[in-house]
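Enquirer:
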Amino acid sequence: MTVAAGPVIEAIMDVEGKNLRRGWTTGTCAAAASKAACQALLGGEFPGLVEVTLPGGQRPAFALAMEEREEGLARAGVIKDAGDDPDVTHGALIISTVRKGRPGSGITFRAGQGVGTITRAGLPLPVGEPAINPVPRKMIAAAIAEVAGPMADLEVEISVPGGELLAEKTLNPRLGILGGISILGTTGIVIPFSCAAWIHSIWRGIDVARAAGLAHIAGSTGNTSEKAVTAYHGLREIALIDMGDFVGGMLKYLRSHPVERVTIAGGVAKMTKLAQGMLDVHSKRGMADLAALAELAKDAGASGALAARIAAANTVAGAFEEAEAEGLDLGARVARLAWRTAAKALCHSGIALEILVFDREGRLKGRTPFTPTDHSDASSS
Numbered sequence: 092m093t094v095a096a097g098p099v100i101e102a103i104m105d106v107e108g109k110n111l112r113r114g115w116t117t118g119t120c121a122a123a124a125s126k127a128a129c130q131a132l133l134g135g136e137f138p139g140l141v142e143v144t145l146p147g148g149q150r151p152a153f154a155l156a157m158e159e160r161e162e163g164l165a166r167a168g169v170i171k172d173a174g175d176d177p178d179v180t181h182g183a184l185i186i187s188t189v190r191k192g193r194p195g196s197g198i199t200f201r202a203g204q205g206v207g208t209i210t211r212a213g214l215p216l217p218v219g220e221p222a223i224n225p226v227p228r229k230m231i232a233a234a235i236a237e238v239a240g241p242m243a244d245l246e247v248e249i250s251v252p253g254g255e256l257l258a259e260k261t262l263n264p265r266l267g268i269l270g271g272i273s274i275l276g277t278t279g280i281v282i283p284f285s286c287a288a289w290i291h292s293i294w295r296g297i298d299v300a301r302a303a304g305l306a307h308i309a310g311s312t313g314n315t316s317e318k319a320v321t322a323y324h325g326l327r328e329i330a331l332i333d334m335g336d337f338v339g340g341m342l343k344y345l346r347s348h349p350v351e352r353v354t355i356a357g358g359v360a361k362m363t364k365l366a367q368g369m370l371d372v373h374s375k376r377g378m379a380d381l382a383a384l385a386e387l388a389k390d391a392g393a394s395g396a397l398a399a400r401i402a403a404a405n406t407v408a409g410a411f412e413e414a415e416a417e418g419l420d421l422g423a424r425v426a427r428l429a430w431r432t433a434a435k436a437l438c439h440s441g442i443a444l445e446i447l448v449f450d451r452e453g454r455l456k457g458r459t460p461f462t463p464t465d466h467s468d469a470s471s472s
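Per the numbering used here, the sequence shown starts with residue 92, numbered consecutively.
#1: Out of LYS361, ARG400 and ILE231, which has the shortest C-alpha to C-alpha gap to ALA429?
#2: When the Cα atoms are used, what is the spatial distance from THR119 to SER292?
#3: Are three or more beta carbon pairs between the region 187 to 203 and the region 256 to 263 nearer than 8 Å?
#4: Thinking just about the alpha-carbon of each residue, which of ASP465, THR462 and THR116 is nearest to the one in THR278?
#5: Tell me which same chain residues have a C-beta within less than 6 Å of the C-beta of PRO463, skipping the five on either side of it?
#6: Sort out for me which residues DSSP pairs ASP178 with in a bridge.
#7: So what does DSSP say about PHE137, is it helix, strand or coil?
#8: Helix, strand or coil for LYS389, going by three-state DSSP, please let me know.
#9: Just the Cα atoms here: how many angstroms apart are GLU412 and LEU331?
#10: Where does HIS307 sit, in a helix, a strand or coil, going by DSSP?
#11: Within the chosen definition, does the region 201 to 220 reach the region 151 to 159 through at least 3 CB pairs nearer than 8 Å?
#12: Can you tell me where the alpha helix (DSSP H) holding PHE461 begins and where it ends?
#13: In whole angstroms, give me the CA-to-CA distance for GLY358 and LEU132.
#14: Quick one: Cα of MET369 to Cα of LYS435, how far?
#15: Return the residue from the list CYS438, ALA423, PRO227 and ALA404 that minimises the CA-CA distance to ASP390.
#16: So who's on the other strand from ALA402, going by DSSP bridges?
#17: Helix, strand or coil, according to DSSP, for PRO221 in the structure here?
#18: Counting along the chain, where does the beta strand (DSSP E) carrying ARG166 start and finish?
#19: Between which residues of its own chain and ALA236 is the CB-CB distance below 8 Å, once the five residues before and five after are set aside?
#20: Just tell me which of ASP172, THR144 and GLU142 has its CA closest to the CA of ARG113.
#21: Please report the distance separating the alpha-carbon of VAL353 from that of GLY457.
#22: In terms of alpha-carbon separation, which member of SER347, ASP336 and GLY135 lies closest to HIS373?
#23: Can we say the region 310 to 324 touches the region 246 to 258, given the rule of at least three CB pairs closer than 8 Å?
#24: For the candidate residues VAL251, VAL448 and ALA433, whose alpha-carbon lies nearest to that of LYS343?
#25: The alpha helix (DSSP H) spanning ASP298 covers which residue range?
#26: For GLU351, which three-state DSSP category applies?
#27: Going by DSSP, which residues form a beta bridge with GLU158?
#28: Using three-state DSSP, classify LEU370 as helix, strand or coil.
#29: Are the region 299 to 306 and the region 315 to 334 touching, with three or more C-beta to C-beta distances below 8 Å?
#30: Tell me which residues share the same chain as ALA95 and place their Cβ nearer than 8 Å to its Cβ, disregarding the 5 neighbours each side in the sequence.
#31: Out of GLU161, GLY270, VAL251 and VAL448, which one is the CA nearest neighbour of THR208?
#32: Tell me the rounded alpha-carbon separation between ARG166 and VAL218.
#33: Excluding the five sequence neighbours on either side, which residues of its own chain have a C-beta within less than 7 Å of the C-beta of ALA388, listed in chain order?
#34: Counting along the chain, where does the alpha helix (DSSP H) carrying ALA443 start and finish?
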């Protein structure tokens, strides 16, 4: 085995005044490793650098981190460099083992150690298939065709040492992808902090729930609200969508992939931001407007003194405590306005929408009950 450092990634992007390196997806790394292993299997030498073509036509080159030959197979590995993105697979070794396949079989795929297997319907691949997504499969096949021709009959096994532990930090177990990570990528390039991977995981969670015939799913902004909504409704794990801050990303997908009932659950701060019209409730998109929350409290009957304390509170949680101390049900008002924002994103789809607002201990502080999103009374409330 030989070990080499990966190439320097030159692709730089500017985000909020910071130069951030782009990286490569696991699919790109798998394609490069597969091409190198195929070349060695067919009698050639392992290349010093191996080029692959990305879906957008770019041709990056990769150094091999490992290379092995055994009877009837060749194996190569590429270290994944995610650039400046906080990707859990950054630094992982993506290994491809290539063997000759049955005549007429074409390119077939196997999940090696650390790569998951599909166990639930609703994902882009059938149950029982290795979790090597469609675009990476095409990239691998195209890379192999460059050295073996388009009619090659080869078996490609992708493995990722330590992938089982890495998968625990992803949504794979919840999606029914067991045994390891997925080999992913639609462009071949990792864009730092693009959030695309998380949003795609939200979409796949909805697909799995729909394929299982579920009528009710719940999107939660965090662990506390997820536990609270699970206890409130007694939901199965497959019905739980870890939407994080991407409320809009979930709701917009549901417009064209609907279910009967949807619950949006979150803490008081993020639900206040939703009530104030924000569909991305991450702190970097802006803070909740405490002055506007104070005006909302006044509309609900708060005294001038209470409204002033709410406006001056350090946090939304503190504002809720001030309101609760005087018996003002601020959570109900926030839930109602959050419902209006979410219902607008669903575009009168008719989905029955519920909002649940929890505090940091998971106690219910506000609720708008299930109401169809084309219900005129609710949407104007």
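Ideal Cβ positions, reconstructed from N, Cα and C, are used throughout, including at glycine. All of these numbers come straight from a predicted model, not from anything done at the bench.
Expert: Answer, in terms of the structure:
#1: LYS361
#2: THR119 and SER292 have their alpha carbons spaced roughly 19 Å apart.
#3: no
#4: Of all alpha-carbon atoms in ASP465, THR462 and THR116, the one lying nearest the alpha-carbon of THR278 is that of THR116.
#5: GLY441 and ALA443
#6: ASP178 pairs with nothing; no bridge assigned.
#7: coil
#8: helix
#9: GLU412 and LEU331 have their C-alpha atoms roughly 29 Å apart.
#10: strand
#11: no
#12: From DSSP, PHE461 is part of no alpha helix (DSSP H) but of the beta strand (DSSP E) over 455 to 463.
#13: 55 Å
#14: MET369 and LYS435 have their alpha carbons spaced roughly 12 Å apart.
#15: ALA423
#16: For ALA402, DSSP assigns no beta-bridge partner whatsoever.
#17: strand
#18: 164 to 170
#19: Hits under 8 Å: ALA243.
#20: ASP172
#21: 16 Å
#22: ASP336
#23: no
#24: Looking only at VAL251, VAL448 and ALA433, the smallest Cα-Cα distance to LYS343 is reached by ALA433.
#25: Per DSSP, the unbroken alpha helix (DSSP H) holding ASP298 starts and ends at 287 to 302.
#26: coil
#27: For GLU158, which the question treats as bridged, DSSP gives the partners ALA167.
#28: coil
#29: Yes: the two stretches touch, three or more of their Cβ pairs being nearer than 8 Å.
#30: Residue confidence is low: ALA95 scores 41 on pLDDT, short of 50, so the model does not pin down where it sits. Its coordinate-derived value is still stated next. Non-local C-beta neighbours of ALA95 in its own chain, meaning closer than 8 Å and more than five positions away in sequence, comprise ALA154, LEU155 and ALA156, ordered along the chain.
#31: GLY270
#32: If you take the alpha carbons of ARG166 and VAL218, they lie about 27 Å apart.
#33: LEU397, ALA398, ILE401, ALA414, LEU419 and LEU421
#34: Per DSSP, ALA443 belongs to no alpha helix (DSSP H); it is in the beta strand (DSSP E), 443 to 449.
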